[in-house]
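Structure record follows, encoded as structure tokens.
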Amino acid sequence: MKRRPALILPMIVTLLIALSAQAQEPVDLTIYYDRDNLTIYIPPTPESVSLIGLTFDVTLPGGQTLIYRLSQFPAFQVPLAEVPAPICLRLQRFGSTAPPPLACQTVQNIIQPLADSDVFWYDLPNATGRTFRVLRERANPLICPAGQNLCAITYVPPTHTPTPTLTPLQAALERARGFDGGNAAWQPFAWDFDGVPMVLVPTGCFMMGTSDVLVADLTAQFGAYFNDETPQHEQCFDEPFWIDKYEVTNAHYGSVGAWFGADRPREIVMWPDARDHCAARDGVAGRVRLPTEAEWEYAARGPDGLTYPWGDAFVADYAVTEETSGGQTAPVGSRPDGASWVGAEDLAGNVWEWVSSLYTPYPFDATEGDADASPTDLYIVRGGSWFENRDFARAAYRQESAPDAANGNYGFRCARDVDSR
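Residue numbers 67 to 487, in the working numbering, belong to the letters of the sequence shown in order.
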């Protein structure tokens, strides 16, 4: 192998050792280097020593830095924590027959021959003005004198504070609070609250409502049912929230026996009853509630602003609407392919769903809907039902209704504020 002339290689070899020990005891290291070997001698230690972070940084003339990591040297991938000390770790020029340092002749040697990394090898002992530095996490350098080919140092492993392990719930909440992507970037996450599965809706923005062009097209086909979906406007959520994965069922509402099907959505529900049922699910006032109109639409459409929860094209088998319902509801969750980007199901079809918001012109006002219902107020149901066709199941469609209306296709689902749970 061609050797680079020492006089034209003014470079610094930096050995970064990331040692960690279970107990923070000093570790005495001895470094040997010559033309053909670079050896680290680790004497007996009271605890196992890991060199998983071992990295060599070589600075070439002109400032270029080459980095060689432990993973590039297969022999160093031995689980060192399981190998009894003392140990010598040796980078050795390929083909070298040089004997190991004296201290390494009676201990275990782990050797990595290097055939094409002769950038490490030059006349270190005779090169004046050279220094050999051992760094701890690239700080507090321990300097071996220039031109000296043996250096004994005492390395004190840095104090390591273990990173707390997050529970799956904590990890999901952390991810939700920092989310700033499209629908496909979010991995749905569900959590069980006292037997009721809810899905997490992350922070983000979307365009609420429908474009003037699409409203004009729908109006031409069906009449003036869609004008209240304009103007389209941006809505943002600075905090994540939860929303029921499914519509509230007869079983959860407590009406099994009086209504058909324990796993079917509860129907014929007035707005005050839906609001009160949500509030009764938690002991903290206001934490479980009806979703706002904007929350409901965001959970259905996501940042991408989809037409239906699953995409922009209607698929009859994905929703319980007039096209496939057979004139009745279906068990909740029976159309899993129609789930929204957060994993909420039946947001299109099955039953209309009450939201907390008053029926007012756009742009949406998040403060409306907090007061007790008045007989003269109009509230909103969303999502279409088994009785209507696909156009009423669009995620942007708004249907106004008096709060005391208890139609046979009216149901609901609840939302929940994020808390420390």
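All C-beta atoms in this analysis are idealised placements derived from N, C-alpha and C, irrespective of residue type, glycine included.
For Ala405, the secondary structure class from DSSP, reduced to helix, strand or coil, is coil. Excluding residues up to 5 positions away in sequence, Gly368, Pro369, Asp370 lie with their Cβ nearer than 8 angstroms to the Cβ of Gly248 in the same chain. Nearest C-alpha to Asp443 among Ser451, Trp452, Ser423: Ser423. Rounded to the nearest angstrom, the gap between the Cα atoms of Pro338 and Pro263 is 23 angstroms. Shown here for Ala366: same chain residues with a beta carbon closer than 6 angstroms to its own, the five before and five after excluded, namely Pro375, Ser406, Leu413, Ala461 in chain order. From the listed residues Val265, Phe259, Cys217, Ala471, the smallest Cα separation to Trp252 is found for Val265. When Phe292, Cys154, Val408, Ser277 are compared, the shortest CA-CA separation from Trp308 is found for Val408. Classified as buried, Asp310 has 16 or more neighbouring CB atoms from the shown chains inside 10 Å of its CB. Beta-bridge partners of His299 (DSSP): Met274. Membership of Ala256 in the beta strand (DSSP E) is indicated by the continuous run 256-259. Where Leu266 is concerned, the enclosing beta strand (DSSP E) starts and stops at 262-267. Here DSSP, grouped into helix, strand and coil, assigns Val281 to helix.
Per DSSP, Arg341 is one residue of the alpha helix (DSSP H) stretching across 337-345. Sixteen is the threshold: since fewer than 16 other Cβ atoms of the shown chains lie within 10 Å of the Cβ of Gln174, the residue is exposed. Note that the segment 394-402 does not touch the segment 293-306; fewer than 3 beta-carbon pairs, one per stretch, sit closer than 8 angstroms. For Asn175, the enclosing beta strand (DSSP E) has its first and last residue at 174-180.
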